[in-house]
Amino acid sequence: MIRNATPDDRSAISAITQAIGFELSETETVLASFDQAYSNLESPTSIWIVDDDSGIHGVAYTELERMTDRVHNLLLVAVHPDKQRQGIGTKLVAHIERLVLQANGRLLLVETMATKDFAHVRQLYERLGFDREAQISNYYADGLDKVVYSKTPTASGR
35 MIRNATPDDR SAISAITQAI GFELSETETV LASFDQAYSN LESPTSIWIV
85 DDDSGIHGVA YTELERMTDR VHNLLLVAVH PDKQRQGIGT KLVAHIERLV
135 LQANGRLLLV ETMATKDFAH VRQLYERLGF DREAQISNYY ADGLDKVVYS
185 KTPTASGR
């Protein structure tokens, strides 16, 4: 079941990011964004959701891009390795897309690495109707390119 994240989900989100191989500093960055989201509930700029089916197995969050007209950036989609390739990522992205549409979002961006290890992630976004817009060389580190996708959100998430 996909639901909005709550502050009680913080430790599960931390565990998922660590399980997928995030460095401690990357997990801390995710948690800082999560904490900021839940300290500013009166004027939210981000949406956090979790897949909670007998435990939290996945998380996704999107943030409103500053200085744009209703553009959201899907900054994190993470599924515990034991639950990957079971459709959880697809459900999370589709749900985020519907929430962005409900928030009057005009465009949804998603970014990922251009490495072989992330080929299945890029295939997921392409299968869900995202258009590949750009590749930025050496973005994450030397030799680690970023690929940017975009999509106009739809109610079906497809």
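Going left to right, the sequence shown walks through residues 35 to 192 as this note's numbering numbers them. Don't be surprised by glycine CBs; every beta carbon is placed ideally from N, CA and C. What you are looking at is a predicted structure, and each value in this text was computed from that prediction instead of being measured.
Presumed contact (8 Å Cβ cut-off) between residue i and residue j, rounded CB distance
{"i": "GLU97", "j": "LEU109", "result": "6 Å"}
{"i": "TYR159", "j": "TYR183", "result": "5 Å"}
{"i": "LEU143", "j": "ASN172", "result": "Not confirmed; about 20 Å, so no contact."}
{"i": "ARG161", "j": "VAL181", "result": "The Cβ separation is near 15 Å, so there is no contact."}
Sequence-distant residues of its chain with Cβ nearer than 6 Å to residue i (five each side left out)
{"i": "LEU133", "result": "ILE81"}
{"i": "VAL155", "result": "THR146"}
Short Cβ contact (8 Å threshold) for residue i with residue j
{"i": "VAL93", "j": "ARG37", "result": "no"}
{"i": "ASP116", "j": "MET35", "result": "no"}
{"i": "VAL64", "j": "ILE90", "result": "no"}
{"i": "THR40", "j": "GLN52", "result": "no"}
{"i": "ILE50", "j": "HIS114", "result": "yes"}
{"i": "PHE152", "j": "LYS185", "result": "no"}
{"i": "LEU126", "j": "VAL111", "result": "yes"}
Selection from the options that minimises the alpha carbon distance to residue i
{"i": "ALA168", "options": "ASP179, LEU162, ALA66, ILE90", "result": "ASP179"}
{"i": "ARG140", "options": "ASP103, SER73, LYS150", "result": "ASP103"}
{"i": "ARG119", "options": "ALA137, GLN157, THR149", "result": "GLN157"}
{"i": "PHE68", "options": "ILE54, ASP42, GLY55", "result": "ASP42"}
{"i": "PRO187", "options": "ILE170, ASN138, THR149", "result": "ASN138"}
Alpha carbon of residue i to alpha carbon of residue j, nearest angstrom
{"i": "ARG59", "j": "THR124", "result": "The question names Arg, but residue 59 in the sequence shown is Ser. When rounded, the distance between both Cα atoms is 27 Å."}
{"i": "SER73", "j": "ARG44", "result": "13 Å"}
{"i": "TYR95", "j": "MET101", "result": "19 Å"}
{"i": "SER88", "j": "ASP176", "result": "40 Å"}
{"i": "ILE122", "j": "GLU57", "result": "23 Å"}
{"i": "ALA148", "j": "GLY55", "result": "17 Å"}
{"i": "GLN70", "j": "LYS150", "result": "33 Å"}
{"i": "ILE170", "j": "ALA66", "result": "26 Å"}
Contact set for residue i: own chain, Cβ-Cβ below 7 Å, skip 5 residues either direction
{"i": "ALA189", "result": "ARG132, LEU135"}
Residue i: CB within 7 Å of a non-hydrogen atom of the ligand FAD
{"i": "ALA128", "result": "With respect to the ligand FAD, the structure shown offers nothing to examine, as it has no ligands at all."}
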